[in-house]
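K.L.:
Quick note: the sequence shown uses my numbering, first residue 2, plus one each step.
Before we start, here is the structure in question, set down as structure tokens.
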Amino acid sequence: MALVHSPSGTAESLRAITLVVGVILLALLTLYLVGFDQGAISRTGMYMHELMHDGRHLLGLPCH
2 MALVHSPSGT
12 AESLRAITLV
22 VGVILLALLT
32 LYLVGFDQGA
42 ISRTGMYMHE
52 LMHDGRHLLG
62 LPCH
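In structure tokens form, the structure reads like this:
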């Protein structure tokens, strides 16, 4: 039995891992913005809080 090394498979694996990590980071950023931001990033006071208000209720996060 011979083992065959395929360089294109390695490149595809790296691309898939990069995509998965990117999606996870985007999901965590979205969760932070919806759940915990309270206007800290938006710098417009409570604009981000009010924009994400219904999302907080949908996820069961306390907001008031």
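Backbone N, C-alpha and C define an ideal beta-carbon position, used for all residues, glycine too.
Owing to the predicted nature of the structure, the values given are computational and were not obtained by experimental measurement.
Can you give the Cα-Cα distance for Phe37 and Ala17, rounded to whole angstroms?
P.N.:
Going by the C-alpha atoms only, they are around 29 Å apart.
K.L.:
Could you give the DSSP three-state label for Gly56: helix, strand or coil?
P.N.:
Three-state result, Gly56: helix.
K.L.:
For Gly61, name the three-state secondary structure that DSSP assigns.
P.N.:
Looking at Gly61 - three-state DSSP - the assignment turns out to be coil, as it is neither helix nor strand.
K.L.:
Taking 8 Å as the cut-off, decide whether the C-beta atoms of Phe22 and Gly56 are in contact.
P.N.:
Looking at the sequence shown, residue 22 is not Phe but Val. Going by C-beta atoms, Val22 is not nearer than 8 Å to Gly56.
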